[in-house]
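Enquirer: So that we are looking at the same thing, I have put the structure below in structure tokens.
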Amino acid sequence: MLTDLEIYRRVDAMIPVEVDRDDAEHELLHCEYEDAIADLLTEAFLSGKLPQNAIDFVSSEYKHGTVAITLEYIAAQMKQSAA
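Counted from 1, the sequence shown has number 18 at position 19 by numbering that gives the first Met the number 0; the numbering is strictly sequential.
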């Protein structure tokens, strides 16, 4: 089982470098790893650079909590955009 920090690092590697990471890195400094993952996903989504493989990976790791709620928000926004 991966730690939240390991998951963050894997997701970070999947997301293009031009995506803003300031909020996520702030959360990392305070050992708030789930919040960091959620922030990173949100920034990538809002910038239009969230790859599906990152969504799939994180979805397989989190079923509850902040990250799962963030994924639900992203899915709802994607569905709304497609309509």
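Glycine included, each C-beta is placed from N, C-alpha and C at the ideal position.
1. Whose CA, out of A81, A37, Y32 and R20, lies closest to the CA of L4?
2. For I6 versus L39, is the C-beta distance shorter than 8 Å?
3. Rounded to the nearest angstrom, what separates D21 and C30 at their Cα positions?
4. Nearest to A35 by CA position, among R8, A75, I54 and Q76, is which residue?
5. Between the beta-carbon of L70 and the beta-carbon of S58, is there less than 8 Å?
6. Quick one: complete beta strand (DSSP E) runs, 3+ long, within the stretch 23-47?
7. Using only alpha-carbon positions, find the residue among V18, L45 and A37 that is nearest to Q76.
8. Please look up how many angstroms separate the CB atoms of T65 and A37, rounded, as I've assumed it's under 8 Å.
Expert: Quick answer:
1. The residue labelled residue 4 in the question sits at position 5 within the sequence shown. Nearest of A81, A37, Y32 and R20 to L4, Cα basis: Y32.
2. Here residue 6 is taken as the residue at index 7 of the sequence shown, counted from 1. Here residue 39 is taken as the residue at index 40 of the sequence shown, counted from 1. Contact flag unset, no.
3. The count along the sequence shown starts at 1 and reaches residue 21 at position 22. The count along the sequence shown starts at 1 and reaches residue 30 at position 31. C-alpha separation (whole angstroms): 14 Å.
4. Looking up residue 35 in the sequence shown gives position 36. Of R8, A75, I54 and Q76, the residue nearest in Cα terms is R8.
5. Numbered from its first residue, the sequence shown carries residue 70 at position 71. Numbered from its first residue, the sequence shown carries residue 58 at position 59. It is a contact, given that the beta carbons lie within the stated cut-off.
6. For the stretch 23-47, not a single whole beta strand (DSSP E) run of length 3 or above is found.
7. Taking the sequence shown and counting its residues from 1, the one referred to as residue 76 is at position 77. Restricting attention to V18, L45 and A37, the CA atom closest to the CA of Q76 is found in L45.
8. Within the sequence shown, residue 65 is the residue found at index 66, counting from 1. Within the sequence shown, residue 37 is the residue found at index 38, counting from 1. By a beta-carbon distance limit of 8 Å, T65 contacts A37. Their separation comes to about 5 Å.
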